[in-house]
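Per the working numbering, residue 576 is the first one in the first sequence, and the count goes up by one each step.
For each residue, glycine too, the CB sits at the ideal point set by N, CA and C.
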Amino acid sequence: MKKKICKCIAKNLGNINEDDLMKLIEIPPDEELGDFALPCFSFAKIMHKNPKVIAEELKEALQGEKQDLGIEKIDVVNGYLNIFMNRVEYVRYWVDKITKADFGMVKTGSGKTICMDYSSPNIAKNFHVGHLRTTVIGNSLYKIYEKLGFKVVRINHLGDWGTQFGKLIVAYKKWSNKDSVTEKGIEELLRIYVKFNQEAENNPELIEEARSWFIKMEQNDEEAIQIWKWFKEISLLEFTRVYELLGVSFDSFTGESFYRDKVPALVEELKTKNLLMESQGANVIDLSQYDMPPCLITKSDGGSIYHSRDIAAVLFRKEKYHFEKCLYVTGLEQSLHFKQVFKAIEVMGYEWADALVHVPYGLVSLEGEKLSTRSGNIIYAEDILHEAIGRAKSLIQIKNPDLPDKEEVAKKVGVGAIIFHDLFNQRIKNVDFSWEDVLSFEGTTGPYVQYTYARAKSILKKNIDEMIPETIDFNVLIEDTSYVLIKALSGYEETIIKAAKRYEPSIIARYLITVATAFNKFYHECPILQADEKKKKARLVLVDLTQSIILDACSLLGMDCPEEM
RNA sequence: GUGCUAGUAGCUCAGUCGGAUAGAGCAAUGGCCUUCUAAGCCAUGUGUCGGGGGUUCGAAUCCCUUCUGGCACGCCA
576 MKKKICKCIA KNLGNINEDD LMKLIEIPPD EELGDFALPC FSFAKIMHKN PKVIAEELKE
636 ALQGEKQDLG IEKIDVVNGY LNIFMNRVEY VRYWVDKITK ADFGMVKTGS GKTICMDYSS
696 PNIAKNFHVG HLRTTVIGNS LYKIYEKLGF KVVRINHLGD WGTQFGKLIV AYKKWSNKDS
756 VTEKGIEELL RIYVKFNQEA ENNPELIEEA RSWFIKMEQN DEEAIQIWKW FKEISLLEFT
816 RVYELLGVSF DSFTGESFYR DKVPALVEEL KTKNLLMESQ GANVIDLSQY DMPPCLITKS
876 DGGSIYHSRD IAAVLFRKEK YHFEKCLYVT GLEQSLHFKQ VFKAIEVMGY EWADALVHVP
936 YGLVSLEGEK LSTRSGNIIY AEDILHEAIG RAKSLIQIKN PDLPDKEEVA KKVGVGAIIF
996 HDLFNQRIKN VDFSWEDVLS FEGTTGPYVQ YTYARAKSIL KKNIDEMIPE TIDFNVLIED
1056 TSYVLIKALS GYEETIIKAA KRYEPSIIAR YLITVATAFN KFYHECPILQ ADEKKKKARL
1116 VLVDLTQSII LDACSLLGMD CPEEM
């Protein structure tokens, strides 16, 4: 619709092309100012005319083609050309489009592959609020890209290799035993890890001992590997519980350890390409000409480090998956690390280096303090989820005690609240964790959206015999409240594309609020069951479209919607 | 010190490839359940868009500068 209008305007303006016009045309801030608007100020200079005059001339020029373009009325206000669409035509167009399979969207991904590295918790540590963010953001981006027709490879790049396991082995041998770890699991691992760090402050020899155990691991020492494997299994058990609650899964769990035997080949390649430099006993890639600190490849003790493992990992992924793009959903604090890794790939001569994207998110703190396992200033993902589910359960008890499947609904609502809360603001914002915010179920929250869905579903259920009619009277849907709702629904495809382009699930979350708000107003003002047949039929179609878009958009966030709540 | 990042209503934030009176939610106050789920709807108030320059017909948005918070700057990840 917009395109057709642009074409016509371009024809009349002469020296402006259609694409530029598409960008200029905007949606007015107010319903009373029409459906589309063209500010004519930029033409004033070129044409040496008053913008008002230009707008008037355009208005005249378009008069003849109004009907053809589906335009109802054209106004000129303050140098703006305000275009009012014929509502019946507009409504018909969008209802037709959205009713089609997948809301009539175009699959732009055309099967290309995107690798996504997210969640990636560290073994032997608890899964906390911070991990929740990368997991939920990553999962949503996966759904969004899949929706657009990309093939996404979900990689959980487990933090399962590194000096910390040397520490853990030392700590295990000194302060724990098989039975305690078997019994208490990750909790025990955490306890001895914390103890190690405390002891090491006064006893640096412990660090040396830990380093040598890690070297043993890198040399495939049987005892070291056995303990490490055991710790890994214990950790995965806990992570799996959280993933199941969240409804998140992965295609690959190849973590850092998987790349340990691939680092030597990388070192060779770097040597051949004359990129490796010795510095203070370690091997580095000098990046000073790019104003970056050097990128560490091997430590002075010969061990690999996360830079080199990340480089080895991306080379492997490119080889295996032939990705079009590779995303890393990690904290903003790792920006420099990824800049270095990406630059390393570039200087190694791989022209696809620009396919690597760091998708950063802000830091989570607790009462203004950094999260820290050691000081106990920490909140675990599982606790948050269970707390929210409990909250949902008690609300159901009050608001809808006769509801069947209370447990199931409480789970969907509680988890939905957490996911939505985590995705509602831009990724980059720092978050100071607050129970009050997380457990809020009113206003711009997940439960609000789910509630809206349940309302819509409930209406439809009461009209099972009232099949959604093929032909409806679109005139019913042109009054303001319905029209605003349809306009909101019509923005779905654009919203998904924007969210994908900016790697920003919050755009979907905000969109859902817009749709839900428009629907709740419609719900309040336009009776359906009591309306006459003509109105009832048309409104039911609108309820059905709204319901299906809410459900679909929620799924893009990784959120479930109960049919009743 | 260098770099990255954020600064918009009392609080949490949208809006930032320049455009019409800067918008939501929370909190506060008042109204709406004999009508489709009140986890809802409606109404009311709040702004040096961190400060200062500049570009422009027009700046929260672009450029410069400055202040404040968060973070990162080689043998942890």
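Going by beta carbon distance, what residues of the same chain come within less than 8 Å of residue i, once the five residues before and after it are set aside?
| i | result |
| --- | --- |
| I1124 | I673, F678, L1064, Y1067, V1090 |
| N899 | What sits at residue 899 in the sequence shown is Glu, not Asn. Within the same chain, E899 has close Cβ partners K687, T688, I689, F725, A930. |
| L907 | P935, Y936, G937, L938, I1003 |
| V663 | F1049, N1050, I1053 |
| I800 | M792 |
Do you know offhand how far residue i's Cα is from residue j's?
| i | j | result |
| --- | --- | --- |
| H912 | L960 | 31 Å |
| V1006 | Y1086 | 21 Å |
| I744 | R892 | 30 Å |
| S1166 | L1132 | Since the first residue of the chain shown is 576 and the last is 1140, residue 1166 is not available in this structure. |
| L941 | C583 | 56 Å |
| I712 | K748 | 38 Å |
| T905 | G705 | 10 Å |
| G924 | A1075 | 28 Å |
| E853 | D796 | 28 Å |
| K813 | M597 | Lys is not the amino acid found at residue 813; the sequence shown has Glu there. For E813 and M597, the distance between alpha carbons rounds to 51 Å. |
| L798 | L764 | The sequence given here places Glu at residue 798; Leu does not occur at that position. Computed Cα separation, rounded: 17 Å. |
| A585 | I591 | 6 Å |
| N975 | G965 | 15 Å |
| S827 | E593 | 45 Å |
| Y665 | D1119 | 18 Å |
| S1130 | F995 | 11 Å |
| F1008 | P1137 | 27 Å |
Would you identify the three-state DSSP class for residue i, choosing helix, strand or coil?
| i | result |
| --- | --- |
| G1143 | Not covered by the structure: residue 1143. The range shown for the chain is 576 to 1140. |
| R816 | helix |
| K648 | strand |
| D977 | coil |
| S827 | strand |
| P614 | strand |
| K1110 | helix |
| E1138 | coil |
| K624 | coil |
| R1146 | Absent from the structure is residue 1146, since the part of the chain shown begins at 576 and ends at 1140. |
| R835 | helix |
| G734 | strand |
| R786 | helix |
| E640 | coil |
For residue i, which option in the options has the closest C-alpha, if you only look at C-alpha atoms?
| i | options | result |
| --- | --- | --- |
| I860 | K641, G830, E921, D836 | E921 |
| G741 | Q864, G645, F806 | F806 |
| Q739 | R708, P1080, K700 | K700 |
| R729 | Q1001, Y1078, M691 | M691 |
| K718 | S824, Y881, C581, E606 | S824 |
| L1115 | N587, D1048, T815, F771 | D1048 |
| F1097 | G645, L1060, N714, K1109 | L1060 |
| Q855 | E957, P869, A1106, I994 | P869 |
| G684 | E982, L723, E1011, R835 | L723 |
| E844 | L890, I1082, E1100, L811 | L890 |
| I629 | P614, Q638, G639 | P614 |
| D1127 | E635, M622, M680 | M680 |
| M867 | S910, Y693, T829, G830 | S910 |
| K770 | P696, E1069, S950 | S950 |
Enumerate in chain order the residues of its own chain whose CB-to-CB distance from residue i is below 6 Å, with the five nearest sequence positions on each side excluded.
| i | result |
| --- | --- |
| N657 | L608, G609, A612, D650 |
| D1135 | K987 |
| T1121 | A1031, F1094 |
Which same chain residues end up closer than 7 Å to residue i when comparing Cβ atoms and leaving out the 5 residues on each side of it in sequence?
| i | result |
| --- | --- |
| R708 | Y936, V939, D997 |
| V838 | S879, S883, R884, A887 |
| A857 | L871, T873, K874, S875 |
| K579 | L644 |
| I993 | I959, L960, A963, V1013 |
| T720 | The residue asked about is misnamed: residue 720 is Tyr in this sequence, not Thr. Correct list, in chain order: G684, I689, V727, A1075. |
| A1106 | R1114 |
Do residue i and the ligand MG come close, with the Cβ less than 7 Å from some heavy atom?
| i | result |
| --- | --- |
| Y1023 | The ligand MG is absent from the structure shown, which contains no ligands of any kind. |
Only counting runs of 4 or more residues, tell me where the alpha helix (DSSP H) segments fall wholly within the region 837-897, in order along the chain. Complete alpha helix (DSSP H) runs here, min 4: 838-847, 881-896.
Could you give the uninterrupted runs of the alpha helix (DSSP H) lying entirely in the region 897-967, keeping only those of 4 residues or more? 910-922
Enumerate, from N- to C-terminal direction, the unbroken beta strand (DSSP E) stretches of 3 or more residues contained entirely within the region 656-711. Taking only runs of at least 3 residues, the beta strand (DSSP E) segments lying wholly in the region 656-711 are 688-692.
What are the complete beta strand (DSSP E) segments, minimum 3 residues, inside the region 1004-1038? 1006-1008
As an exercise, report each continuous beta strand (DSSP E) stretch of at least 3 residues that is fully enclosed by the region 1051-1103, in chain order. none
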